[in-house]
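The structure appears below as structure tokens.
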Amino acid sequence: MEFIWAIVIGALYAAGLYMIMRRSIVKIILGLALLGYAANLLIFIVSNLTRGNPPLVPPGATAPIAPYADPLPQALILTAIVIGFGVQAFTIVLFRRAYRSFGADDIDELRTTER
Amino acid sequence: MLTAVLSGFGGAIAAPWLHRLAPRHAGWLAALLPFVLMIYFISLVPTVAGGEALRFSYAWVPGLGVNLSFRIDGLSLLFALLITGIGTLVLIYAGGYLANDPMLGRMLTLLLIFMAAMLGIVTSDNLIGLFVFWELTTISSYLLIGYKHEYEKARKAALQSLLVTGIGGLALLAGIVLLGQITGTLELSEMLKRGDTVRAHPLYSSILALVLFGAFTKSAQFPFHFWLPGAMEAPTPVSSYLHSATMVKAGVFLLARLNPVLGGTEAWQLLLTFFGSATMIVGSFLAVQQTDLKRILAYTTVSALGTLVMLIGVGTDDAIKAAMVFTLGHALYKGALFQVTGSVDHETGTRDISHLGGLRTAMPITAAAAMLAALSMAGLPPMLGFIAKEVQYKANLSEPILIGVALLTNILTVVAASFVSLRVFTGQPVHTPKHAHEAPLSMWLGPVALALGGLGAGLFSTQIGNLLIGPATGSVLGKVKAVELVLWAGIEGAAGQALALSGVTLLAGIGLYYARSIFPRIAAATAPLAALGAESWYHRTVSGMLLLAERQTRILQNGYLRFYIALIIITTLILTSLMLLVGQVTITMPQNWTDVRVYELAVALIILSATAFVLRATSRMAAVVGLGFVGYGTALTFLLFGGPDLAITQFAVETLSAILFVLVVYRLPRFGNLSSVSARLRSAALAIAGGALMTILTLIALAEPTESRLSSFMAENSQSLANGRNVVNVILVDFRSFDTLGEITVLGVAAIGIYALLKLVVPSEQEPRVETDGSLDGKTEGVPRERTEVIDA
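Chains as they are written, first to last, in the working numbering: chain S, 18 to 132; chain B, 4 to 796.
This is the structure in structure tokens:
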């Protein structure tokens, strides 16, 4: 079952890489977001993909009922999602700032510090 | 001792202050520091003359064997006295010379830094420490030559000296490291005892080459002599101090210091005598062709440095003694003459000897000092210069070639000495740009004191020999050596032959001085040789490197983001595929790869089609919606495989960022295709290759077992240790809570950044910029530029 996810990850990476090589700054931001999904899915998929049981300890028990999903990569991904959101929000606002200064959604306009 | 060496740095900090508080007396006040230091070093003379070496050590980087250790023996003390003594006079002189310069404070600072660094070189017992101080003198020399930084010539000369001596410094460092590895110590006092080990080692010739390269560049030996005349762009106090009396002798000092370790071999003798002799001849030959007083002195300094290197190369007891006497004598007369030159320049407005003459009536004190110093330079009794020349001849008597070289050099030196004294101060007064009058006390004190020093040292040569020259010679030779230094050695034997040579020197020199009209002709005839010289190679190398840098920057740093990204992708692709090929990694299908449920397939298809939609979207809004679908698809994946927390977070984040995106971009026009079709195809090819690589890597990673004891530990203990039933949450807030703290910090920083960007108002943007040109390399497909404000802050 992991195989189709490997394909999905490859596709997301390809799309993300393509988008960050564009000139439109909005597309670059979209590309960064796609790369973020790809990376999160990658970590998730390669760490013992398990259907069903989340890593929750049922009342009265001391450990989750096996087989349960690996909690450690989930914690990492959770952090990554939130950081990714912070970065994305910052880039969006940065883009807005740049757009007001340069009036163009084109990264090539930002090549020099001259105005 | 540490205080003595490092106090100069403290004084350097105080100097600008002094200048602000007492602008008229700053030079005098700053000179107090080297004066006190000189007294201190004089107080050490009896101990050191008794054959003792004082050593002080402070741990600095003990793990690397680098200590801040100092050692004073005869050689160090001779140099330390020169540095502090001349330093005192130079600081006073600088105060007068730059009296009306608002930047005088900076000059005093730099001179004091230099003095401290130079003291560090001559007193360091640790070679790494010595190297650090060595580089400090290079840097302070750079700043001092470029003192008049508004002149391009000064900046270029400063850079030239920095590059030449800097490269030499690097070679020296390599040599020092090799020496340290061979001998197992970086402390000179230890290393000096292990010369035999070094000389027998197969790496000896590499070490010798590296150290000599460092010393030769620093001491302006042929073919690196060209930077020193260039350094005359510096104000005269600097030339007098750094570029005649002290810094340029650092290379000579190093050779003398390492003589017991590296010296005595045939290679050492041959290289040093050859380069020394070449420098002597080139320097003195160029000196007499100059008309600028400072350049005359600069080239005679070059030739004097050559003499010192040659004498160290000869390496006999007599030769080393001659080198030490000559070091002292040269520092005294050359320091004095440079200051005289500065005074003449200062008071008359020119230092071109063809526009100078008969200044003895206008500047009697300066003239007297100049005459006295020139006597020493020409090697006439009873000056110290005379003794230096006698012992030099005596040391070379057995080598006819070296005698010839020395004779020629000394004759030309006599001519040069006449130029800077007779030519300028005697004869008919000539009209000068400024009306000439005597320099102030601060500016004649130095020359007079130094010239009298040369006279006194000649008259009291026995005492100087016992107290200074003897111990110094002893430390260079690595054995105790009593030195007899007498003004009148008689006319028998070697002394008589030397005296005869001196006579020839003087007569020929004076003769040439009166036939001086031939020098310009010689200069014209030999001018084409300069094109072959090292200086032209220097310029070629520098401009070649600049050209290379410019070209590779234009290719690699072209300012196009996508180019950088493409480069990163290509590099990763190549390196990773190479590793996969070399490592012969096989890609195996996961065993249960057909085990796919329909709803999983549906989610995968949602993600794929939404991604395709994002790629093809022509409006930003549509793209954002597509991105949202990808995000929700990812969240569903998390949900399907036991990650409800991830799913919830992803849903929330997805919603938030979609809102944020919409707020910012909804008023923007439709997407244009900014790139050409071929550019897009290239990107697509690269991106597909990158994606394929990631798929392959994922499959490889999946084939590896992922047993983690950490995960099960956390799962089994979250209830008992942290009282939490959601293991992921427990990891975040308990087991790995510091990570979460870091994450919160990052979010906080991002939030502050976002707030600042929203609130930032650039005044010039009050009126929107008018875009008129479509200067996008013709790749634009007419994107309309919207200039309205997107959002109000």
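No residue lacks a Cβ here, since even glycine has one placed at the ideal position from N, Cα and C.
Could you check the C-alpha separation between residue i and residue j for me, to the nearest Å?
i                : j                : result
Ala253 (chain B) : Val305 (chain B) : 13 angstroms
Leu570 (chain B) : Ile577 (chain B) : 11 angstroms
Gln722 (chain B) : Ser679 (chain B) : 59 angstroms
Leu67 (chain B)  : Leu206 (chain B) : 22 angstroms
Glu441 (chain B) : Pro367 (chain B) : 7 angstroms
Gly645 (chain B) : Leu581 (chain B) : 37 angstroms
Pro771 (chain B) : Leu760 (chain B) : Below a pLDDT of 50, predicted positions are generally treated as unreliable, and Pro771 (chain B), at 48, falls in that range; no measurement from the model is reported.
Leu515 (chain B) : Ala161 (chain B) : 34 angstroms
Leu405 (chain B) : Val507 (chain B) : 16 angstroms
Phe341 (chain B) : Leu24 (chain B)  : 29 angstroms
Val255 (chain B) : Phe329 (chain B) : 12 angstroms
Gly459 (chain B) : Gln395 (chain B) : 20 angstroms
Suppose contacts are defined by Cβ-Cβ distances below 7 angstroms. Is residue i in contact with residue j by that definition?
i                : j                : result
Asn57 (chain S)  : Ile94 (chain S)  : yes
Ala325 (chain B) : Pro450 (chain B) : no
Gly178 (chain B) : Leu115 (chain B) : no
Leu666 (chain B) : Ile590 (chain B) : no
Leu335 (chain B) : Gly456 (chain B) : yes
Gly693 (chain B) : Ile610 (chain B) : no
Thr364 (chain B) : Ser346 (chain B) : no
Val486 (chain B) : Gly473 (chain B) : yes
Ala718 (chain B) : Pro81 (chain S)  : yes
Ala55 (chain S)  : Ile26 (chain S)  : yes
Thr3 (chain B)   : Asp355 (chain B) : An answer regarding residue 3 (chain B) cannot be provided, because it is not within the stretch 4 to 796 covered by chain B.
Val617 (chain B) : Leu630 (chain B) : yes
Gly183 (chain B) : Glu138 (chain B) : no
Going by the C-beta, is residue i closer than 6 angstroms to any heavy atom of the ligand COA?
i                : result
Leu115 (chain B) : The ligand COA is not among the ligands present in this structure, which contains no ligands whatsoever.
Considering only residues of the same chain and omitting the five flanking positions on each side of residue i, which have a CB-CB separation below 7 angstroms?
i                : result
Thr640 (chain B) : Val606
Phe288 (chain B) : Leu415
His228 (chain B) : Thr282, Val285, Gly286, Val305
Trp63 (chain B)  : Val69, Asn70, Leu71
Phe38 (chain B)  : Thr91
Pro232 (chain B) : Arg298, Ala301, Tyr302
Hey, is residue i's beta-carbon within less than 7 angstroms of any beta-carbon in chain S?
i                : result
Thr652 (chain B) : yes
Ala753 (chain B) : yes
Pro647 (chain B) : yes
Thr614 (chain B) : yes
Gln163 (chain B) : no
Gln722 (chain B) : yes
Asp598 (chain B) : yes
Asn726 (chain B) : no
Thr579 (chain B) : no
Glu774 (chain B) : Any reading at Glu774 (chain B) is ruled out, since the residue's pLDDT is 44, under 50, leaving its predicted position unreliable.
Leu663 (chain B) : yes
Phe644 (chain B) : yes
Val764 (chain B) : no
If you measure from the beta carbon of residue i to each beta carbon in chain B, is any gap under 7 angstroms?
i                : result
Ala23 (chain S)  : yes
Gly77 (chain S)  : no
Ile42 (chain S)  : no
Ala86 (chain S)  : yes
Thr96 (chain S)  : yes
Ala83 (chain S)  : no
Thr67 (chain S)  : yes
Gly48 (chain S)  : no
Ala106 (chain S) : yes
Leu52 (chain S)  : no
Tell me which same chain residues have a C-beta within less than 6 angstroms of the C-beta of residue i, skipping the five on either side of it?
i                : result
Ile42 (chain S)  : Phe112, Asp122, Ile124
Leu66 (chain S)  : Glu19
Gly108 (chain B) : Ala18, Pro19, His22
Leu257 (chain B) : Ala218
Thr351 (chain B) : Thr435, Lys437, Ala439
Asp348 (chain B) : Arg354
I'd like the list of long-range same chain contacts for residue i, defined as Cβ closer than 8 angstroms, with 5 residues on each side in sequence excluded.
i                : result
Phe20 (chain S)  : none
Arg40 (chain S)  : Asp123, Ile124, Asp125
Arg728 (chain B) : Ser721, Gln722
Unbroken alpha helix (DSSP H) runs of length 4 or more, entirely within the stretch 112-185 of chain B: which are they? 130-148
Considering only residues of the stretch 302-368 of chain B, which uninterrupted beta strand (DSSP E) runs meet the minimum length of 3 residues and lie entirely inside it, listed in chain order?
none
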